[in-house]
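Working notes, structure below.
In the working numbering, the protein residues as written are 37 to 241.
So this is what it looks like as structure tokens:
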């Protein structure tokens, strides 16, 4: 694997947890926010919010808010994990479903929190790609750039399916997952934490 590219949201920073907490503050919910986080993968999956008249507007504000994303904390240990892996397999950059309008915010965030960023690109979702099509866009991107970019670290459980459709031959490290329906195929590696990526690379050497 020549190089590895990283997703950002929920891979390097707990973005969705922040969305849950903000929407719980704004829209309220009878259940504690931590219970919602435990029981729903995404804020869009909370039934009471799906039917809330303000949900769509408030969620869109969060998705496109530079201040929100600038203030997100990194996941504990994520910087060290990326740098440790970088010493073995170079970082190719970052590939995120965030809208392109957040490019500068993202690059400043990466630099501020000590991730490899100098001379590295942070690819953002183009204006003509809808958020619901982000995994398909990422999959096309990765297929086009293989083998120069030999793999991705991403929390999305849907991205591997998009890559499989396209016959992708790179490595897909599914961050935050201990299992995945495609894990028996050599390209798809569940990684409960970012540290497991380096462990896998060392074992495969």
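Backbone N, C-alpha and C define an ideal beta-carbon position, used for all residues, glycine too. All values derive from a computational prediction rather than experimental measurement.
By the criterion of at least three beta-carbon pairs nearer than 8 Å, the segment 207-219 is not in contact with the segment 50-61. Boundaries for residue 92: no beta strand (DSSP E) harbours it, while the alpha helix (DSSP H) harbouring it runs 91-100, taken from the DSSP string. If you look at residue 160, you'll find it in the beta strand (DSSP E) that goes 158-161. Counting other Cβ atoms within 10 Å of its Cβ, residue 159 reaches 16 or more and is therefore classed as buried. If you look at residue 118, you'll find it in the alpha helix (DSSP H) that goes 114-122. In the three-state DSSP reduction, residue 144 falls in the helix class (H, G or I).
Residue 45 is bridged by DSSP to 49.
Distance from the CA of residue 161 to the CA of residue 64, rounded to the nearest whole angstrom, comes to 30 Å.
Cβ-Cβ distances below 7 Å link residue 67 to nothing in the same chain once the five nearest sequence neighbours on each side are left out. In this structure, DSSP gives residue 64 a state outside helix and strand, which the three-state scheme calls coil.
At the C-beta level, residue 121 and residue 233 come within 8 Å of one another.
Within 10 angstroms of the beta-carbon of residue 155 lie fewer than 16 other beta-carbons, which makes it exposed. The Cβ-Cβ distance between residue 224 and residue 216 falls below 8 Å. Closest option to residue 104, judged by alpha-carbon separation, among 54, 181 and 194: 54. Here DSSP, grouped into helix, strand and coil, assigns residue 177 to helix. Note: residue 204 is not bridge-paired with any residue in the DSSP secondary-structure output. Where residue 239 is concerned, there is no enclosing beta strand (DSSP E), although the alpha helix (DSSP H) around it starts and stops at 231-240.
Excluding residues up to 5 positions away in sequence, 192, 194, 195 and 198 lie with their Cβ nearer than 7 Å to the Cβ of residue 171 in the same chain. Within the same chain, 130 and 132 come within 6 Å of residue 44 by CB-CB distance, once the 5 residues on both sides are set aside.
Secondary structure of residue 40 (DSSP, three-state): strand.
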